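> Dropping a structure here in structure tokens format, bear with me for questions.
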Amino acid sequence: LLWRLEGLEIPNPNHFAGSEGSTGGGVSILSSNMITNTDFFSGAFAAEYGNALSGVFDVNLRKGNSERWEFALKAGVLGAEAAIEGPFSRKYKGSYLVNYRYSTLELFSLMGFQIGGSVTPKYQDLCFNFYFPAGKAGSFTVYGLGGMSSLGNSVVKDTAKWKTLSDKSEFAQKQLVGVAGITHLFPLKDNKTYIKTAVSYSYTDNGSSDDTVDYNFNRFETGNEKFVYKTLRATTMVNTKIDSRNVVRLGIIYSNIDFKLFSERYSYLSQRVEGLVNHTGNTHLLQSYAQWKHRFNERFQLNSGIHFLFSFINNKFYAEPR
22 LLWRLEGLEI PNPNHFAGSE GSTGGGVSIL SSNMITNTDF FSGAFAAEYG
72 NALSGVFDVN LRKGNSERWE FALKAGVLGA EAAIEGPFSR KYKGSYLVNY
122 RYSTLELFSL MGFQIGGSVT PKYQDLCFNF YFPAGKAGSF TVYGLGGMSS
172 LGNSVVKDTA KWKTLSDKSE FAQKQLVGVA GITHLFPLKD NKTYIKTAVS
222 YSYTDNGSSD DTVDYNFNRF ETGNEKFVYK TLRATTMVNT KIDSRNVVRL
272 GIIYSNIDFK LFSERYSYLS QRVEGLVNHT GNTHLLQSYA QWKHRFNERF
322 QLNSGIHFLF SFINNKFYAE PR
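Encoded structure:
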């Protein structure tokens, strides 16, 4: 599944997404207060989307109110959040929008109320979108989102209550996700063509650990994982409306991916901790596309094109007709 924000691929924007190959996550880092027009495609999708198999979530952030200052507070099962938005000044149409959220269950836990058993999910997230119109130079947008989440359990201190292996086992899972970017939208004088350029940097750090505890409360590691990705991405796209029925879009996307992958597990067969993955590296991904949308009438339209992808990690070139 491909996640995109403001035209560029981003890491999975969900808390508790876990490590490699695990679930998609339980709580979205993106508050609904921040999102405007968003497209979801399952199965077939247009040529501008690549590096995905099952579907695409293409998310856009809304602009803040450019007329007056607003403030909002909201509390629910997913979290307590605060948002602020408004113009930078009365004479300038630029605006800002900031939203912060904190886990409701953790707030109850801090107050002494235990809800949901011994494992309390902890998370918080921040998202912002700053809009800067620049007259004939178009407009600029500076955006970002970040989220931290963790959960885990500790063994019961009374060893008399230990009956199974899980009673004397501990686990911890932590996740850190951050994305920051800038976009430039430049409309040409013909009012039919615009150029959109974007640059972003993302960081993810997903880790987990498992331990067992003996009757002297000494801890023995049974599992440890840590997956870190640092990615720089850039894209340029040209969109032109030929007439009321035909739109053509061309673009190129570049990604520089720095990764550090580590995983080890205790083997009950060999009675020792065995390394599964321990690899650090850097690679690039280059994509380009051309697509044409033709509207036959109000009910029927054709999206066609081709997507090219070159993977530097294996020096393979892929062409995908759409």
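Residue 236 in the numbering used here is what sits at position 215 of the sequence shown, and the numbering runs on without skipping anything.
For glycine and all other residues, C-beta sits at the position ideal for the given N, C-alpha and C.
Predicted, not measured: the structure shown is a model, and the values here were computed from it.
Name the residue from Tyr152, Leu290, Leu29 and Thr214 whose alpha carbon lies nearest to the alpha carbon of tyrosine 70.
Ranking the options by Cα distance to tyrosine 70, first place goes to Leu29.
> Whole-angstrom Cβ separation of glutamate 106 and glutamate 91, contact assumed at under 8 Å?
Confirmed, Cβ separation roughly 5 Å.
> For leucine 330, which residues in the same chain have their Cβ closer than 6 Å to its Cβ, ignoring the five residues on either side in sequence?
Within the same chain, leucine 330 has close Cβ partners Gly71, Gln308 and Tyr339.
> By DSSP, does asparagine 212 sit in helix, in strand, or in coil?
Coil.
> Report, in whole angstroms, the separation of the C-beta atoms of valine 176 and valine 220, which I expect to be a contact under 8 Å.
About 47 Å; that fails the 8 Å criterion.
> For threonine 257 versus phenylalanine 280, is the C-beta distance shorter than 9 Å?
The answer is no: Cβ separation not under 9 Å.
> Tell me the residue span of the beta strand (DSSP E) that contains phenylalanine 92.
Its beta strand (DSSP E) spans residues 91–96.
> By Cβ distance, which residues of its chain are closer than 7 Å to tyrosine 215, with the 5 residues on each side in sequence left out?
The answer, listed in chain order, is Leu206, Phe207, Pro208, Leu209 and Asn260.
> DSSP three-state label for asparagine 245, please.
DSSP places asparagine 245 in strand when its eight states are reduced to three.
> State yes or no: is the C-beta of glycine 173 within less than 9 Å of the C-beta of alanine 193?
It is a contact, given that the beta carbons lie within the stated cut-off.
> With contact counted as at least three CB pairs below 8 Å, one residue from each stretch, are the segment 58–68 and the segment 93–109 in contact?
Because the criterion of three Cβ pairs below 8 Å is not met, the segment 58–68 and the segment 93–109 do not touch.
> Can the beta-carbon of glutamate 242 be found closer than 9 Å to that of tyrosine 287?
Result yes, Cβ atoms of glutamate 242 and tyrosine 287 sit closer than 9 Å.
> Give the secondary structure of leucine 99 by DSSP, where H, G and I count as helix, E and B as strand, and everything else as coil.
Correct three-state label for leucine 99: coil.
> Can you grab the Cα-Cα spacing for the pair arginine 122 / glutamate 285, in whole Å?
The alpha-carbon atoms of arginine 122 and glutamate 285 are separated by roughly 34 Å.
> Note down the Cα distance separating serine 170 from serine 276, rounded to an integer number of angstroms.
Looking at the two C-alpha atoms, the distance is approximately 26 Å.
> Does DSSP put methionine 55 in a helix, a strand or coil?
Here methionine 55 sits in helix by DSSP.
> Excluding sequence positions up to five away, which residues of its chain have a Cβ less than 8 Å from the Cβ of lysine 184?
No residues qualify anywhere along the chain.
> Please give the ranges of any beta strand (DSSP E) in the segment 230–313, keeping only runs that are unbroken, at least 3 residues long and fully inside the region.
Here the runs fully enclosed are 240–262 and 267–288.
> Taking all protein chains shown into account, do 16 or more other C-beta atoms lie within 10 angstroms of the C-beta of lysine 182, making it buried, or fewer, making it exposed?
So lysine 182 ends up on the exposed side.
> Alpha carbons only, please: which of Lys262, Arg83, Phe129 and Asn336 is nearest the one belonging to tyrosine 117?
It is Arg83 whose Cα lies nearest to the Cα of tyrosine 117.
> Within its chain, find whatever has a CB closer than 7 Å to the CB of leucine 94; leave out the 5 residues flanking it on each side and keep chain order.
The residues are Ala103.
> Sort out for me which residues DSSP pairs glutamate 88 with in a bridge.
Note: glutamate 88 sits in no beta bridge, so no partner.
> Considering only the alpha carbon of each residue, which of Ala201, Lys195 and Gly199 lies closest to glutamate 246?
Checking every option, the nearest Cα to that of glutamate 246 belongs to Lys195.
> With DSSP collapsed to three states, give me the class of glycine 156.
In the structure shown, glycine 156 sits in a helix (DSSP, three-state: H, G or I).
> Specify the secondary structure class of glutamate 69 as computed by DSSP and reduced to three states.
Coil.
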